[in-house]
Ligand code: KG4
Ligand code: ZN
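Numbering (the working numbering), first residue to last: -17 to 327.
Here is the structure:
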């Protein structure tokens, strides 16, 4: 079944990025991502607008990925797409495209769990960058998810801890909105935090049982603090923007690393990876490297392009599923809520 050289087209459309990638064996030949500026003024992703933008983007994005990879569509051996979790309307666009492409080209169709994609992005051959050794822990932090995942094998993963309310990316974005930034505000908090004093302001940190996370208390704590300060000084945010960004960012990163350290210690695992959009955060990247020194961890951080939503991670997951002949048929449908181990283990 497996050919010497395998080319997979990956498709990702779970939220507000339309992406297509070409994977040859385990190396990426192209990874095209079209973002959607249309949501900026609304302070969050508007599902209906996202689906419409995916519809406009999908064919040009796939075309660009094929051209950049310098292949022909007839060279593609399989198509892997994000089945879920995500926004249903957005997922349906990628799913329908993938089903049609598989049918027209008579190639296998592979339905990928988006969260597996974030983790398995670490196995894209990236200029021989070292890859995590099993078993490892992955802190998967995005706009929709915050999980500590135990990976025993490529397609054998277990969630050890998860958020009981907001995701870490949501915490960044909601705090950013309170500071007056457009959506998504996470990268802007990161940018403005660079020159700020991270110890200037203190915010509530949650006490959550087991290995789980919570960010809704932090959100409320920031909101009440800002409301109180603005009553006394209407320019408070403007005058303290950099310190506020640095303090909020440090609090979120503290919350994430505290739980990760606890899991790693209790499970005796020192191979540690981060994934998802928030793993692009410079404070998280810096601090986890300090943990590497302090706790003798081996830390794996994907390059920026493979942190936020992208089709390269879907294509590499497709490769592992192709090896096990885990194919979907034409009756497959998108799933907004997709259990972590659905259709894989
Ligand atoms: O993985 P992703 O691209 O999409 C989801 O699956 O959600 O993650 C997007 C999230 C957003 O909340 C965005 O604000 C956050 O990742 N993000 C960041 C940074 N870059 C992206 N948060 C903090 N610092 C960053 N540099
Ligand atoms: Zn994601």
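Using N, Cα and C, we set each Cβ at its ideal position, and we do this for glycine too.
In this structure, the beta-carbon distance from residue 195 to residue 229 does not fall below 8 Å. With contacts defined as CB atoms closer than 8 Å, residue 143 and residue 130 qualify as a contacting pair. Contact annotation, residue 166 with residue 237: C-beta distance approximately 19 Å; criterion of less than 8 Å not satisfied.
Bounds of the alpha helix (DSSP H) holding residue 295 are 294 to 305.
Between residue 63 and residue 77, the alpha-carbon positions lie close to 6 Å from each other. DSSP places residue 12 in the strand class (E or B) of the three-state scheme. Using a 10 angstroms sphere on the CB of residue -2, the tally of other CB atoms reaches 16 or more, which defines it as buried.
When Cβ pairs closer than 8 Å are counted between the two stretches, the stretch 65 to 75 is seen not to touch the stretch 251 to 261, the count staying below three.
Any heavy atom of ligand 1 counts here; residues with a Cβ closer than 5 Å to one of them, in chain order, are 124, 125, 126, 151, 154, 155, 166, 168, 169, 172, 258, 259, 260, 262, 263, 290, 291. About 17 Å separates the CB atoms of residue 61 and residue 102; that is not less than 8 Å, and the two are not in contact. In this structure, DSSP gives residue 132 an extended state, which the three-state scheme calls strand. From the listed residues 147, 153, 225, 115, the smallest Cα separation to residue 135 is found for 115.
Here the C-alpha atom of residue 5 lies approximately 15 Å from the C-alpha atom of residue 45. When DSSP states are grouped into helix, strand and coil, residue 93 belongs to the strand group.
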